[in-house]
Amino acid sequence: MAEQYGDLAAYQGLSFAARKRPSSDEISTNIAKFQAYDNDFCALPDMRPLEKAIKKRRRLAKKEALNDGSDLEETSGSDSSESDLDTEDDDDDGDIGLGFDNDQENDASGAENAVGEPMNLADQEPNKTIRDNFYKYTVKGKEKFGSLSENHVRAIQLLTRLRKTRAPLESYESIMGWHLQELDEVTNSGLVSGCKEAFIPRKKLFSDLRQRYNMPEKMYSQTTTITLPSSNSRSDIIHNDAQAVFQQLLTDPRIQAKDYLFYGDNPFNPPPARLTYIEGLNTGLCMRETWHKLITKPGKQVLLPCIWYYDGAATCQFSDRPITAVRLALGIFSMKAREKDFFWGTLGYLPQIRQPESDGRRMLLQSGHHDGYMMHQEYLANEANQGNQKVHKAQDLHVQLNVILKSFLKLQKTGFIWDLYYNGKVWKDVEFVIFTPFLKLDSAEADKACGKYGSRTQGVAHLCRYCHCPTKNSDDHMADFPYKTAAEIQALVEAGDLETLRKISQNYIRNAWHDVRFGQHNGRGVHGATPMEMLHAILLGVFLYVRNMFFEQIGLSSRTGREINALSKEYGNLLTRQSDRDFPKTKFGKGIKGGKLTAKEYRGILLNMSAVLRSTAGRSILRAKKITTKTNPTDFNKKGVLDDWILLCETLLEWEQWLKSPKMKTKHVRALVQKNRYIMYLVKKIGNRQAGMGLNTLKFHAILHMADDIMQYGVPMEYDTGFMEQGHIRTKSAALLTQKKAEVFDFQTSIRKEEMDLLDLAQEEISGRKKWEYYEGHYFPDDAPPKVESPTTGGGQIECYRDQNGVISFEFITKFKGMDGSVLETELIEFVVSLSEKLGNLCPKNLVIRTLHKRNGVLFHANAKLQGSLWRDWAIVDWGDDGELPNRIWGFLDLSVLPPNSGLSHGGIDNIQPGIYAIVESAAYIEDEKEINRSNIFVPVRKEVDVMEHGNVVRAKLYLADVEAIVAPVSVIPDIGGLPHDYFVVKNASQWRDNFIDWLESDPVHDVMEPMGE
Ligand SMILES: [Zn+2]
C-alpha cells in the first residue's frame, strides 16, 4: 500500500518528487491542483523554445519512416513519369482530403456532457463532411481512375506477396528491378528506359493508392506530442482522424449485406419490445434501451454503436516494444463480421511509456554535464504543465487516450450524416447517432480503463471494478452489492475525496472514458461497460482452481496423486482415439497434475478428471488413500464425496460449453443468476480452496456479474477477448515490418498498417470491387454450396481364407509399417471365412476386410494395429426394434456383388442385401439407476460377449451391420478396473451444452445450498 500512500501524500502537497519547479502559489488545495491540471492536461506542453527543433526532428523521422532509408525512387526517376493513375491535381493532396475539418485547435473534448445524461443533440448540426467528401471522391473515381495499369497490378501483386512472407521492405525494389531486367533481356526489345517506365517505386505506388482509395496522408498517422503527467516523459501519440476511420469502416468494398445487423432488415427499425433470445450486442438491453433514449427522430436516425478494443500485442522477439493499437468496430455489423480485421478501424496507438529513458535524461541534467545544458530547454518544456504535483501513474494512459479519442469525441457530439448502401439500395441522409456500448478489454486493461487499482492482493479494499463488494466477501456466492456509477466516481474525483476513493480502490485520476457516451440504460458509464471476460476467467480461473484443489486434497506428491495422474494419462490417450471429434484435447504428456497449460487445455483436464473419478480403478485408488491430514482433509471414503467431485467437474464443463453458445434463450440467462450462485457454492464447498486468498479472487467473484453482462451486451462471445486473438494480427505483422527504432516505431507501424489496408483494397479492385463504386453496390460471387461426399471405404486390406489343410488364416494385401507380427482374433477370421463359404459362387474370391470407412465427413477406424496399437472406433448403430446402440467396429466388408434378396443369413442378418457392411460388437446401456446417476457425461454400457471364462472375455460376439445403419460417431472408453466388458459412452461437447440447458430449466429448489461451515 506504500505506493498508494505515496501518491496521496503527493496530492496533499508532500511531494516526494526530487526536483520542484518554483511552485505556483495559486494552486493551493488539492482540488485546485487537480482542476488546474484537469483544465489543461489536453493541451500540448509549452514547447515554443524547442518547437522548431522538434518539428524538424519529427519531419526527419517521418521521412525516414516513409522511405525506410531506401532512396531507390530517386535513382529510378520514375516519380515524375506519367502514369494513368496520376491525376491532374497530383501536386495538391488537399483535393482528396477536401472538406475534412481537421482543425486540431478546435475543442473536441466532450467533457461538458456529464456521463449518463443524454446529450442535447438538437443544437448540434450533424457532421456532413464525411459523406460529402466521400461522394466527391466517388464522382472523381468514376471520371478519372479508370483501370489499374498492368504495371500497377504487377507491383501490387509483388508487394502483397512480399507482405505475406514478411520480407524486408527493400526487397520489393530489388526483386522488381531484377524481374524487369530479365524480362527486358528475354524479349530483347525494350530499352533500359522502357524498363524504367514499368518500374513503380514503392513510395509512388502507395501514394497512388492513397488517392485511389481515398486515404489521404493528412488524415492518417498524425503525431501529437504530449508530456505524460506522471512519468514526465514525452510521448508521441500517433492517431488517425475519426472521420477517415468511420468513412473507411463504412465503405470497405468487402462489406456484404449479410454483415449488417439491423432490426428487421431496416436500418430505421426500433428494437423489438420483447426478445425471447439473446445473441449479439443488438439483442442486449444496453443497445435496445439506449435506442429509445437517443433516437429522437425515428426514420431519420440510426444508432451507431462503437466497440473499442486495445491490447498490448507483444511483437515477438521485440517484446520490449509492444504496439497497442486502439481499435474501433461498428455495432451495426454482426458479431461474425467483426471477426474480420477490416471491420476494425485504428484510431491511434498507445505508445509504451519509456520511463527509464526519461529518468536517465533527468540524471544527465542533474549531473551538471555540459551536454545536459543543451537539453535544459527541452526539459523545461517537458515539465511545463506539471506544476509541482505528483500525478498518479494511472493518469498517463488516460492522457494518451484523450489524444486518440479527440477526433472521435467531436463526432460523438454531433453525429454524422451518411448515405448508407444496404440491401441493394442507398438510404439517403441517414443520421448516425454515436454511442459506446462497451470496451472489449482484458481484465487488467479493463481495470485501468475504469481507474481501478490493478493490484489483486489481500490488502486491496475492492477487487471488483463493477460493484462495491469488499475483497473479503469476494468468495460469497450470495453477495449482492450496489454497482459503481460514473457519476459517483466522478463526484469523488472532482471533490478530491482521496480517502473515499482509496476505500473503493479507485485511482484519483481524470478518466478519459468519462468523456465517452456509454449506454443510456443505466448510470454506470465505463464502470459498467467492461464486461468480465467470462470464458477466459472460467478456464484460467475456476477450472485451474478446481484442478489444483483436487490434487491438494489428494496430496500433490503422494502415491495416490501419482496413480491418479497415471490413470488420467491413459484416459487422455483413450479419449483421443475416437470417431467422435467433438471433444477438447485430452492428451497431456505429463498427465493432468502439473505442467504448463494454455487456458483452453483446462477443459480437457477437467474431462480427464471426471473420467478418472467415474472409473472403478480411480474410485478405488481414491478410497484407498490412507489418512487425511490437515492440509488435505478430504476423506474420499465418505459417502457422496466422489460423486460430488464428478458433479463439480461435469457442471463446470457443461457450463463453459453453454456459455460459448452464439445464441441463448432469455429465460435461460435469467435462470443463470441463481444457477451461477449454486456453481460458486459447489466450487467452494467441494473444492475448499486453502491456497493463496482462498476463493477471494476477482475471477471467482466475477461469476456473479456474468448473467447481467449477458443481458446487457449479448452472449460472452461478443466481448470475450479470447475471440479477438485473430484481431490484432495485422497490427502485429505491421509492427514486424518496421525498423524497431524506438522513436519511430509507432509511426512506422501505423504507416505499414495503412499500406496493408491499401494493398487489400487494391486486391478488391483487381477482383472487380472498386471502392468508388460504393453507391452501385459490389458484386460477390455466390458461396459454393457445400459438397456432398458419398461414403467411401478404404484403408488396409486383410484377406481371410482357409488353406489346403483346412486351417483358417489371413494375409495383409496392403503392406504398411509396423504390420509385422500383427495378429487378428480367431473369431474375426472365422466370421469372415464362414461368410465367404456361405457366399460360394456368388463371390468367387476370398472376402477382404477393409479398415476404414468415411461417411458424412466422419472417419471410422477399424484397425487391429494402427501406429503400433489397436484402434477400433465405436459408432451408434440403429438396430431397428432394439434401438440405437453403441457398437465397436472390427472391420468393413464390401458385399455389393451380392444379388438382391440373396437369401443368406450371417452375423444376425437374414436375407443379406448387397451393400457395405461393418463387422461389429454391440453394447447395451446398463439400467442400474445408481450407476447411471453418478454422472451426466459418462453413460455406463456393457458389451455383449460370446464366451466368458473366469471373468475374462475369451470370445467376442460379432454382428454384421449395414453401414447405412450407422447413425453417428460416438466416444466410448473402457471402465478401467471394472468388468472386462464394461465401458462408458462419453457424451460430446454439444451434449454437455444440452445437459446444462436441462439444468437451467430445472426447478432451482433442487439446488440445495447448505450453510457453509467455517
Ligand atoms: Zn462485483
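Using my numbering, you'd call the opening residue of the sequence shown number 53 and step up by one each time.
For every residue, glycine included, the Cβ atom is placed at its ideal position computed from N, Cα and C.
**Message:** At the level of alpha carbons, what is the spacing between K839 and D930?
**Reply:** 26 Å
**Request:** May I have the straight-line CA-CA distance separating P1021 from E622, to the nearest angstrom?
**Result:** 21 Å
**Asked** If you drop the 5 nearest sequence neighbours on each side, which residues of the same chain put their C-beta closer than 6 Å to that of I881?
**Response** C852, I860 and F862
**Prompt:** Hey, how far is the Cα of R821 from the Cα of K349?
**Reply:** 34 Å
**Message:** Am I right that V1037 and V991 are in contact with their C-beta atoms under 8 Å? What's the rounded C-beta distance?
**Reply:** 4 Å
**Asked** What residue range is occupied by the uninterrupted alpha helix (DSSP H) comprising L380?
**Response** L380 -> not in any alpha helix (DSSP H); beta strand (DSSP E) instead, spanning T376 to L382.
**Asked** Hey, out of N475, R554 and D311, whose CA is closest to F394's CA?
**Response** D311
**Message:** Starting from G670, trace the beta strand (DSSP E) in both directions and tell me its first and last residue.
**Reply:** Careful: G670 lies outside any beta strand (DSSP E), inside the alpha helix (DSSP H) at T668 to R675.
**Burial state of G935, where buried means 16 or more other Cβ atoms lie within 10 Å** = exposed
**Asked** From S459, L214, N1004 and A651, pick the residue whose C-alpha is nearest to that of F468; which is it?
**Response** S459
**Asked** Smallest Cα separation from A1147: which of T878, L463, G955 and Q558?
**Response** Residue 1147 lies beyond the stretch modelled for the chain, which goes from 53 to 1066, so this question has no answer here.
**Request:** Mind reading off the beta-carbon distance from D1014 to G967? Whole number of angstroms is fine, and I expect it under 8 Å.
**Result:** 6 Å
**Message:** Taking the beta carbon of N480 as the centre, do at least 16 other beta carbons fall within 10 Å, making it buried, or is it exposed?
**Reply:** For clarity, residue 480 is Lys in the given sequence; the question names Asn instead. K480 is exposed by the Cβ-count criterion.
**Short Cβ contact (9 Å threshold) for D855 with V900** = no
**Request:** Starting from L402, trace the beta strand (DSSP E) both ways and give me its first and last residue.
**Result:** W396 to L402
**Item:** Cα-Cα separation between N158 and N266, rounded to whole angstroms
**Value:** Reliability fails at N158, whose pLDDT of 37 lies under 50, so the model's placement of it is uncertain and no value is given.
**Asked** With 16 as the cutoff for other CB atoms within 10 Å, does A160 come out buried or exposed?
**Response** Bear in mind that a pLDDT of 37 at A160, under 50, signals an unreliable position, so the number given afterwards is only what the model happens to contain. A160 comes out buried.
**Prompt:** If I561 sits next to G503, beta carbons under 8 Å apart, how far is it from one beta carbon to the other, in whole angstroms?
**Reply:** 5 Å
**Request:** Mind reading off the beta-carbon distance from L891 to G959? Whole number of angstroms is fine, and I expect it under 8 Å.
**Result:** The pair is not a contact, with the Cβ atoms about 13 Å apart (cut-off 8 Å).
**Request:** Give the straight-line distance between the Cα atoms of I616 and K492, rounded to the nearest whole angstrom.
**Result:** 40 Å
**Prompt:** Any heavy atom of ligand 1 closer than 8 Å to the CB of L186?
**Reply:** In the sequence under discussion, the amino acid at residue 186 is Phe, which differs from the Leu named in the question. No, the beta carbon of F186 sits no closer than 8 Å to any heavy atom of ligand 1.
**Message:** Is it the case that the region 645–656 contacts the region 578–598, given that we only count it when at least three CB pairs across the two stretches are under 8 Å?
**Reply:** yes
**Closer than 8 Å: L756 CB and nearest ligand 1 heavy atom** = yes
**Prompt:** So is the beta-carbon of F533 under 8 Å away from any non-hydrogen atom of ligand 1?
**Reply:** yes
**Message:** From the DSSP secondary-structure annotation, give me the bridge partner or partners of S905.
**Reply:** For clarity, residue 905 is His in the given sequence; the question names Ser instead. T845 and F912.
**Item:** Own chain residues within Cβ distance below 6 Å of I556, not counting five before or after
**Value:** H514
**Prompt:** Is H905 near ligand 1, in the sense that its beta carbon is under 8 Å from a heavy atom of that ligand?
**Reply:** no
**Prompt:** Just curious, the beta strand (DSSP E) that A976 is in, first and last residue?
**Reply:** I968 to Y977
**Message:** Taking 8 Å as the cut-off, is the beta-carbon of C358 closer than that to any non-hydrogen atom of ligand 1?
**Reply:** no
**Request:** Using the Cα positions of L463 and Q295, report the straight-line distance between them to the nearest angstrom.
**Result:** 8 Å
**Prompt:** For the region 1019–1034 against the region 698–707, are there 3 or more C-beta pairs whose distance is under 8 Å?
**Reply:** no
**Prompt:** Can you name the start and end residues of the beta strand (DSSP E) that K255 belongs to?
**Reply:** Careful: K255 lies outside any beta strand (DSSP E), inside the alpha helix (DSSP H) at R254 to R264.
**Request:** With a threshold of 16 other CB atoms inside 10 Å of the CB of T749, please say whether the residue is buried or exposed.
**Result:** buried
**Prompt:** Which of the three DSSP states, helix, strand or coil, is assigned to F862?
**Reply:** strand
**Message:** Which of the three DSSP states is assigned to N321 in this structure?
**Reply:** coil
**Message:** Can you give me the C-alpha to C-alpha distance between H444 and L550, rounded to a whole angstrom?
**Reply:** 12 Å
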